[in-house]
Every structure is written in C-alpha cells, then in structure tokens.
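**Q** Chains as they are written, first to last, in the working numbering: chain A, 14 to 479; chain L, 14 to 479.
In this text, a Cβ means the ideal position worked out from N, Cα and C, and glycines have one as well.
Since the structure is predicted, the reported quantities are computational estimates derived from the model, not experimental observations.
Right, I'll just put the structure down here and ask away after.
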C-alpha cells in the first residue's frame, strides 16, 4: 500500500482552492474526531492527513480527480457512527466529510420520493416525512446521529427491516461521484427500472469503495395511522426465540421483532438506572405492529398475546414505546459502558437458525470464559453478539478474540449465514471476509472494484483486499 | 464481432460428452423455435448454431469453460417469452436452454424461502407456494409460460409490483455459473446481508450477460386471505390516470393499479370476442387489493369507489377477476393479432408524469398517422405503448419507427424516465441504450461487463456494446 503519495502542501493548496480554505483541516485537534468511528480500540484508529468538507458534488468531483492524479486515498465519511471502521483513513489521505451537504432538497408528494443530500441525519429524514403525513421506513438504531448517506453506503438495517427491508430497499436512486470523478445519477424517481444493470443497488452497501453518494432519492409511503408495541417476556432465550416463526407465520407482518437476552436486559437496566420488567430472569421479545385500522391491530395484539403465553411466555405487556426502545437502543452503549473494548459481531443466519447460533455463542462464552451479550433483530436472523473484553489483559484479548470469531463464523457459515447483516465489512472484518467469503464471490467483488476504481483510491482497504 | 469461432464438429462432440447426445441439437427444425422470442420481425430472428439442454450447474460450468476456451458465444434462454430479443443468438454460438432444470427443490416454510431451478414456470412457483398457504409475489403477464430464471434475468415486473415490487425484490439469493465457468451462490436464505457488494441484485436484471442463473432462492410470505378486484371506468385517459395518485395517497396500498386506454379495451374486446363494459368510450383502471381482513378490504373498496366517482369516473364495478385479467393480459396478444409486426415500448417515468407521456404518445400517433395502443402499470409509471405497423409498407415502417421512438424517448428522458420498466434492453433496445443512457452509467456498465466476462462470450451484444 506504499504506492500512495502523502498529502503535501501543494495538494492542500489545491484542496483549498476547490472547497475554500475554511473547509480544509490539518490541525491535529480537528483531525482527531475523524480518526475513528464507534469502534474504540487503538488499532482501529488512524489520524487522516487532511479532512475536507465539500459542499457540492462538483467540488467532490474535483477532489476525486485530483486524488486520482496524485494517487491519494479518498475516504468518504458521514457521521462516523459506523461499527466496522469503514470511514477511517488507514492508508492515509483525505477524509471527505459530507457534513456540510445537509439539505433536504425536495419532498415530492406526488411520486412519494424525498430527494436529499447525504449529510442529513436519518432522524431528520424521518421527521420531514412525518411532517407531510408520510413515512420513511429506514430506522437504524443510530438514527438520531447517523447520516442518510452513511446509511445507504453501509446498507444500514435497524428495527423496521422485518416489514420494510434494510436501507437499500428504501432507495430509488442516488447521485454519486464515481472513483474516477464523474458525476452520475443512478435510478431516480422511478418505481421500476430494467434499463441495464442495477448500479444503484451495487453502490448501496459498497461502503464508499465504488463512489461517493452525493444525493439520494428515498422512497416514502403514507404514514401508518397507528403503531402498537408489545413486550413479551420469556424464561429462556430459546423459548423467546422460538416464538418468532410462530408470529411470522400467523399472517401478521410485524414492523419489528427484537430479541434481548437476559444478560443484555440487565446490562441496559444498570446502564439506564431504570427498573425493567422481570429483569431478574426475563428474556425479551419486543414486537411493534403498525397499520391504519386500530381494531385490526388490537386483534393482532390479542393473537400475539395468545401465541406467546401458550408457548411458554411469562407475560405480554403493552409497552411504552419510549421506555422499551430506549432500553433496546441503549444495548450497544450499555455494553460499551461495561467494557470500552468489545467486539460487536453482526452475524446473520437464516431466521430458523437463530436458536442454534445463540446456543453456540453461549457455549463459546463458557468455553473461553468471556462475557458475550446477545440482542437480535430476531425475525431477520440478525444477531448482535457483543464480546466484552472487560478486565481481560489486552494481549490475552488479542489472542482470544480471533479464536472466538473463527469458531463463531465457522458455525455461522455452516448454517448458511454470513459475516454481516447490517454493519458492513469495512476494515474491521477484512480478514474474516478473506477467510470466510466464497472465493468466487470475492473474485467477482475484486474484479468490480478494480474495474470501477482502477487506481484504488476510493476508500482503499475496505470490504476487499485488491 | 468476427472474433467468435464457429461451432465445429469437435465442439459439438465435446458438448455431447458434457450433457449427453440427446440434449445437443443441430437439426434446423429443432433450432427454429430458438431463433426468436416474442418479437416477430425477421430482423430480430437468428438461428443458433446449436441448442444445448443441460441438466445441472456442473454441466453448465463445463459448457461455459469450453466456450471461453474456444471463443463461442453462450446465450442463456428460459421459455423464450422475452420482449427484447435477449435470448436470441445474434452472434451465433450456443443457445443454452434451462428447460430441463425444472424442479422446485425446496419450500422452506420456516424461513419463507422457495429454492427452485431456473426452468420452472412462474405459474408453478405461484401454485406451489399457494399449496402451502404461502404467496410468491412475482406475477408477470407472461407468467403462465415464462420461466422463473428468465423472470430474474430480466427483472420482470407485472401486475403486483405496486405493492410487492418487481422480480428483483422477490429474490433472496441465486446460484449462478459465472462467465468464466465458476459456480457460486450469492445471497441465500437470508433476510439481510451487508457482507460486501450486493451481487445478487447486480446479476438480477443483467439478462444473462453476467452469468447464468442455475438456482433461485425466492421470498415467500403468508398468502393474503382475501383479494378484491375493481374496474373503474372513465371517459378519458386523463381522468383515468389522474385517479391513480389519489388512490396511492389514500393510505391504501393496492396490489395492482392497471390502466388500459379505450383503443386497447376495444382491441382486446375484438380479440376475445367478449363484450367488455362501456367499451364504446371507457378507459379502464383495474384495481386489486388484498389482505387478511375482509371488512378492511370492503372499506377500501368503498373509498376507491368514492374517489373515482367524485373525480369524473363513469362507474366502479366489482370485477370478475378471471374476466378482467383475461382482458388485461390479452393486451399484447390482441395487438399482435391486429398487427404481427409492432414495437412494444416499455417506457417508465415518474408516476406523476404518466398523463404527460400518454398525451405525448397520442400527439405522436396523430403526427405520424400510426396506431399506438397504451396500457400501463399505472401506479408504477410503466407504460406499454404498442406501435402497430398494421398495413404500413415495411420500408416506410423501418424509416418511421426510429423517428417515433426517438421522439418518444427524448420526451421520456426529459421527464426523468427510462427505456425499460420491466422488459429489459436485450438486443432490441441496444441502439436506444447507447443514445439515451447517461454516458457515465454506460461506461460503468461496460467496465463491469468487461471485468466479469473478459472474453465477452456471455450473451454478447445485449444491454451494452463492449
């Protein structure tokens, strides 16, 4: 990777001439927040040479053309809420922050499309839709701070994916700056498109390695009139998880079906300093349903209650959404409060295999005497297993963690699962990707990366090694 | 394109050793049905050198490796129901028919996934799901004869895309043979996946130019318990089309919203020899809604009735689904009965622009004195405009058609629309693709094609010129 050049004074001056002096930062204090994402280990930090804050796609185009000419890595960055070190400049170069591109450009109520710049916070997208009686279905747990551009780049998932899909399903089109510096709109305000290869979906989830998203065309739908939240509490992880397919086959299409194991429940309770129901032994399934007809939703609640209580559940409570979602969304933060260094796995398996993987993780936790907390987007088969370092010696941790991951993912792949359901590969899972991804699939990904980014300047060292 | 070699006796013998003598055809009578798809003009026909009928992905892998070694085009083909000449061997070589790969392999009720070979008819996929109380949402008009592999390769749309999306939204994974002959599974029984580039969605819709689909993992959902069909009749195309956004913003998410202009209604009536309601002057909007709660559906019917009759509709009828869908689905056949040579355009525009494009088409029809029938998947902005040659002189037709298309698509692109909503580009729209697609997008598509198919043997001359 020594092929890259350093960012010298001449390049800094060129960058200043493109975006304005005020928006080219080299002061170490200003660079520090851009040296990491939500992953806190020092080996996953790297201070960039320069942070640039462009305002337009045209400015980005010029920066990328300059970077190609000079062989400088360009690392696009949203709010820095990533969990796979996808927006850290490990090979030096330019961090290109989209934080000034923060305008919602249009809410097209006729076509049910919102056009937005990439640096708008997810929560602002949701609110702007709601203000028009409309609904944006993307809802990652980090939505209060994450940017919509980053959501698309990592194909962020979240709590409503059960019914509405992950971020890629919310995207009708994007404008990007390509790795060669061209500006192009892919897709648009269209509901359907069979006009050649679906590049929109190739770029969505490509974590900034195939281009920089400069505009998004997001799908909206009428805002469901009602929403109800249930908390079903079970005596064991297994009984909790086993209820999920029963709900999914009942004809109800829930918005969310979340699982928290008892260790996570207690950890969140401690962190929030708020008593949670039956926290001494309860494993949680949180279910949200939405729709326009309140009677139908009430009938669905009754059905869910019956299903849970006749299948071993302690009880089903109508939940205060603020309280229960505060608990669920504090999962990662609560774990981090307990152990700043941890490894947040983002396992995805066929939904029917969740019990197997959760049992396996429990076995591994005991075998290695390491604490692992599990929460899951249960109906999606997406398990967040947080392996906590706690007070383990760092050398021991560095030795054990790869063994634990190896054991987990060997089993995950034997179940037909994969490395990441919604966080992405980034830099953090690069070695696991080389180890576990199908070699033909890897070869195809590398061929595409080389074809679209011949100088490998666009977020190098992420997703695949080329 | 002279770089390709001819299929000689030695190659025929190798093919026979791979799939068995019985499944390698060179007899002209047997080749003829493989010389065209549903497009009937002689310039869109080409007899292949050989038709091969493999049974397994392993056999296909061997065929593709042989084709790379010998530089022979390989054209994958499903049921031949395409409308863009995507499965015709214009550069000679091998037609690779998937008709023997016709088994449904598994219906996984736990994970709501059907695993199927590519040569299963769409209607059989639908029926097999229904038999288990489940639902496969893909529903192209050609579903009685089309193959599921072809549906995925062209990202077929159809009538239920309003609510459920086109075929790509139904696909959780595929097994393919790559253009270099490797076998790989992309995606699988997963509900979410952020493990690198989304190759499943790149291959879906790539019309056999980036690989051959040998297995599909299709999403299923619980079968809606009820379905209701309404026929709303309007005095003008404009008043009919204008009702569509009103329905879409009412909170109802219909399964289908179809438009047929009066000329199409009358053409279908003549073809079917069955009286259709108010056919003398009526323009049709056909609406289907589905769901589990009959009362909710009845309320929605009342709301739709009110919306239509207060917005200029003649009347709203509860429709006999067999009768009304027979009429709608006969659209293409009825047109062909009237004019064997026709050009079936597959325009897609932002839904709010449908009235504009339909008006423009009407103007163009008058300007060139040519009959154009329009039916539309109206809520999707997808307009099928069938330009009929009728008794026009063929030279005149060959001169006029490009002028008409040029005028239509200049306007379509000015509206933010594209060449194809669901039929694909194939060979038929190759020149239009070069003319109208964004040059950067084209460059990206060509780079991907070259990267994944370095010898350009996989369905050459389709989608993009490389």
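Out of 21/L, 88/L, 200/L and 239/L, point me to the one whose CA is closest to residue 433/A's CA.
**A** Cα-wise, what sits closest to residue 433/A is 200/L.
**Q** Does the beta carbon of residue 254/L sit closer than 9 angstroms to a beta carbon anywhere in chain A?
**A** No, residue 254/L lies away from the interface with chain A (no Cβ there is under 9 angstroms from its Cβ).
**Q** Answer yes or no: does any C-beta atom of chain L fall closer than 9 angstroms to that of residue 14/A?
**A** Unreliable placement is indicated for residue 14/A, whose pLDDT of 47 sits below 50; the coordinate value is still reported in the next sentence. Not closer than 9 angstroms to any Cβ of chain L, the Cβ of residue 14/A fails to qualify, so no.
**Q** Residues in its own chain within less than 8 angstroms of residue 429/L by CB, not counting five upstream and five downstream?
**A** Closer than 8 angstroms at the Cβ level, and outside the excluded window around residue 429/L, lie 362, 363 and 366.
**Q** Could you tell me how far apart the beta carbons of residue 51/L and residue 111/L are, in whole angstroms, since I believe they sit closer than 8 angstroms?
**A** Actually they are not in contact, since the Cβ atoms of residue 51/L and residue 111/L sit about 17 angstroms apart, beyond 8 angstroms.
**Q** Throw me the rounded Cβ distance for the residue 218/A and residue 181/A pair, which I believe falls under 8 angstroms.
**A** The pair is a contact, with the Cβ atoms about 6 angstroms apart (cut-off 8 angstroms).
**Q** Could you tell me the distance, in whole angstroms, from the CA atom of residue 240/A to the CA atom of residue 411/L?
**A** Residue 240/A and residue 411/L: Cα-Cα distance of roughly 58 angstroms.
**Q** Under a three-way DSSP split, which group does residue 162/L fall into?
**A** Helix, per DSSP.
**Q** Please determine, among 319/L, 139/L, 221/L and 300/L, the residue with the shortest C-alpha to C-alpha distance to residue 236/L.
**A** Among 319/L, 139/L, 221/L and 300/L, the Cα nearest to that of residue 236/L is on 139/L.
**Q** Using a Cβ-Cβ distance cut-off of 9 angstroms, determine whether residue 196/A contacts chain L.
**A** Yes, residue 196/A lies at the interface with chain L (some Cβ there is under 9 angstroms from its Cβ).
**Q** Give, in chain order, every residue of the segment 93-127 of chain A whose Cβ lies closer than 8 angstroms to some Cβ of chain L.
**A** Against chain L - using a Cβ distance shorter than 8 angstroms - the residues of the segment 93-127 of chain A are 121, 122, 123, 124, 125 and 126.
**Q** Are residue 281/A and residue 300/A touching if we call contact CB-CB under 9 angstroms?
**A** No.
**Q** Near residue 25/L, what residues of its chain come up, given a Cβ to Cβ distance below 7 angstroms and the 5 sequence neighbours on each side ignored?
**A** Around residue 25/L: 37, 39 and 63.
**Q** Please report the straight-line C-alpha distance between residue 14/A and residue 469/A, rounded to a whole angstrom.
**A** For residue 14/A, the predicted structure reports a pLDDT of 47, less than 50, and the residue's modelled location is therefore unreliable. A value from the coordinates is still provided. Spanning the two alpha carbons is a distance of roughly 10 angstroms.
**Q** Could you please give me the residues that DSSP links to residue 416/A through a beta bridge?
**A** Note: residue 416/A sits in no beta bridge, so no partner.
**Q** Could you tell me whether any Cβ in chain L is nearer than 9 angstroms to the Cβ of residue 201/A?
**A** Taking Cβ atoms only, chain L reaches closer than 9 angstroms to residue 201/A, which makes this a yes.
**Q** Can you pull the chain L residues whose beta carbon is under 7 angstroms from the beta carbon of residue 262/A, in chain order?
**A** Neighbours of residue 262/A on chain L, chain order: 235.
**Q** If you follow the alpha helix (DSSP H) that residue 30/A is in, where does it begin and where does it stop?
**A** Counting along the chain, the alpha helix (DSSP H) containing residue 30/A begins and ends at 22-32.
**Q** So what's residue 14/L in DSSP terms, helix, strand or just coil?
**A** Note that residue 14/L scores 47 on pLDDT, short of 50, meaning its location in the model is unreliable; the coordinates nonetheless yield the value given after this. Residue state, collapsed to three classes: coil.
**Q** For the segment 439-461 of chain A, which residues have a CB atom closer than 7 angstroms to at least one CB atom of chain L, in sequence order?
**A** Against chain L - using a Cβ distance shorter than 7 angstroms - the residues of the segment 439-461 of chain A are 446, 450, 451, 453, 454, 457, 458, 460 and 461.
**Q** So which residues on chain A does residue 361/L lean against when the C-beta distance must stay under 9 angstroms?
**A** Near residue 361/L (Cβ distances below 9 angstroms), the residues of chain A are 203, 204, 205, 206, 207 and 208.
**Q** Cα separation between residue 339/A and residue 136/A?
**A** Going by the C-alpha atoms only, they are around 15 angstroms apart.
**Q** Please report the distance separating the alpha-carbon of residue 19/A from that of residue 151/L.
**A** Approximately 52 angstroms between the Cα atoms of the pair.
**Q** Within the continuous alpha helix (DSSP H) that includes residue 202/A, where are the two ends?
**A** Note, residue 202/A: premise wrong, no alpha helix (DSSP H); not H, not E.
**Q** Can you pull the chain A neighbours of residue 258/L, defined as C-beta to C-beta under 7 angstroms?
**A** Simply 123.
**Q** Residues of the segment 132-147 of chain A in Cβ contact with chain L at a cutoff of 7 angstroms, in chain order, please.
**A** Within the segment 132-147 of chain A, no residue qualifies.
**Q** Please report how far the alpha carbon of residue 157/L lies from the alpha carbon of residue 212/A, in whole angstroms.
**A** Each residue's alpha carbon lies about 30 angstroms from the other.
**Q** Across which residues does DSSP place residue 244/L in a beta bridge pair?
**A** Paired residues: 299/L and 330/L.
**Q** Which residues bound the alpha helix (DSSP H) around residue 432/A?
**A** Taken as a continuous stretch (DSSP letters only), residue 432/A belongs to no alpha helix (DSSP H), as it is neither H nor E.
**Q** Starting from residue 308/A and walking both ways along the alpha helix (DSSP H), at which residues does that stretch end?
**A** Per DSSP, residue 308/A belongs to the alpha helix (DSSP H) from 307-322.
**Q** Please identify the residue among 191/A, 175/A and 162/A whose C-alpha is closest to the C-alpha of residue 184/A.
**A** Checking every option, the nearest Cα to that of residue 184/A belongs to 162/A.
**Q** Starting from the C-beta of residue 233/L, find all residues in its chain whose C-beta is less than 7 angstroms away, skip the five residues before and the five after it, and write them out in chain order.
**A** Taken in chain order, the residues that qualify are 125, 126, 127, 142, 147, 148 and 149.
**Q** Using the DSSP secondary-structure output, state which residues sit across from residue 388/L in a beta bridge.
**A** Bridge partners of residue 388/L: 273/L and 397/L.
**Q** Decide if residue 116/L is buried, meaning its Cβ has at least 16 other Cβ atoms within 10 Å, or exposed.
**A** Label assigned to residue 116/L: exposed.
**Q** In whole angstroms, what is the alpha-carbon distance linking residue 227/L and residue 215/L?
**A** The straight-line gap from Cα to Cα measures roughly 15 angstroms.
**Q** Kindly say whether residue 364/L, judged by its beta-carbon, lies nearer than 9 angstroms to any beta-carbon of chain A.
**A** So, interface residue.
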